[in-house]
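Structure first, then comments.
In my numbering, the protein residues as written are 401 to 655.
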């Protein structure tokens, strides 16, 4: 069944799909499983290049044996103070963190960022994060350091002079701009190689093409981020189309 545990045969099929470079969605379709289940399975067990079906199956069995049986929860216990279904939120958190891992974040960074994203206040202290994730403060500190370096979280002091780690809409803009600017270093390095190797050599031509490509991408990303920034400052509405500022006339013309 789609909601049950993966069998060893299914894990073999996942390994074969990865070997054939199939996307997670296609593997999931063939197994009649949610895509998030396949993504989570692969990322927990070595990633797309290191996944081994037998090892993944044994690791899952070991984890199952280590877990204590969960107590039976009544209807009230299964709901959080905010009224949301606790199990549904936990499942979503795990799936969302898995997607972040697939996009390049390490496991702890993905888990921390997910907790912050799904907190209505958009901020938590290190102690709150450690308690909610059941990890050490050192693990939180390491994850926060990385997330700050990527402009994905911001540090603030609250009234009790505690550090609070914050996510907000503006951070998406800042992270996008930081990613675009990171290309500038590679552009500069490539053009140093052009000067060193001689402008008319094949190697120099290759480096110049790389530099031109990244230059164009950085400018395009920066321009698009500036145009779309207003979307992050506005309240979402299902009644309006999500079109970046300055593009509405073009959309109207096409329609």
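Just so you know, even glycine gets a beta-carbon here, dropped at the ideal spot from N, CA and C.
Give the secondary structure of residue i by DSSP, where H, G and I count as helix, E and B as strand, and everything else as coil.
i	result
residue 556	strand
residue 485	strand
residue 614	helix
residue 622	helix
residue 602	helix
residue 627	helix
residue 503	coil
residue 417	helix
residue 434	coil
residue 492	helix
residue 424	helix
residue 409	helix
residue 404	coil
residue 531	helix
Along the chain, where does the beta strand (DSSP E) that runs through residue i open and close?
i	result
residue 525	523 to 525
residue 565	563 to 566
Output the distance between the C-alpha atoms of residue i and residue j, rounded to the nearest integer angstrom.
i	j	result
residue 427	residue 435	8 angstroms
residue 559	residue 511	26 angstroms
residue 629	residue 494	28 angstroms
residue 584	residue 504	20 angstroms
residue 595	residue 604	8 angstroms
residue 540	residue 506	12 angstroms
residue 546	residue 553	9 angstroms
residue 429	residue 440	15 angstroms
residue 443	residue 622	31 angstroms
residue 618	residue 586	11 angstroms
residue 579	residue 451	29 angstroms
residue 404	residue 460	13 angstroms
residue 537	residue 589	38 angstroms
residue 528	residue 620	39 angstroms
residue 414	residue 486	30 angstroms
residue 418	residue 499	17 angstroms
residue 476	residue 548	Because the pLDDT of residue 476 is 45, which lies under 50, any placement of that residue in the model is unreliable, and the number read from its coordinates should be weighed accordingly. In a straight line, the C-alpha of residue 476 is about 38 angstroms away from that of residue 548.
residue 455	residue 447	12 angstroms
residue 627	residue 581	17 angstroms
List the endpoints of the continuous alpha helix (DSSP H) containing residue i.
i	result
residue 519	That residue, residue 519, is in no alpha helix (DSSP H); it is neither H nor E in DSSP.
residue 541	537 to 549
residue 581	569 to 597
residue 370	Because the chain in this structure spans residues 401 to 655, residue 370 falls outside the shown range and cannot be described.
Using a Cβ-Cβ cut-off of 7 angstroms (strictly less than) and excluding sequence neighbours within five positions of residue i, which residues of its own chain qualify?
i	result
residue 410	431
residue 422	none
residue 625	573, 576 and 577
residue 491	none
residue 502	439 and 443
residue 633	569
residue 532	515
residue 614	583, 586 and 587
Can you give me the Cβ contacts of residue i inside the same chain, cut-off strictly under 8 angstroms, excluding the 5 residues immediately before and after it?
i	result
residue 591	607, 608 and 611
residue 482	520
residue 564	523, 524, 525, 555, 556, 557 and 558
residue 571	551, 552, 553 and 554
residue 517	496 and 567
Of all the CB atoms in chain B, is at least one closer than 8 angstroms to the CB of residue i?
i	result
residue 442	The displayed structure is made up of one protein chain only, and chain B is not part of it.
Among the residues of its own chain, which have a CB less than 6 angstroms from the CB of residue i, if the five just before and after it don't count?
i	result
residue 424	435, 438 and 439
residue 457	408 and 411
residue 598	604
residue 508	539 and 543
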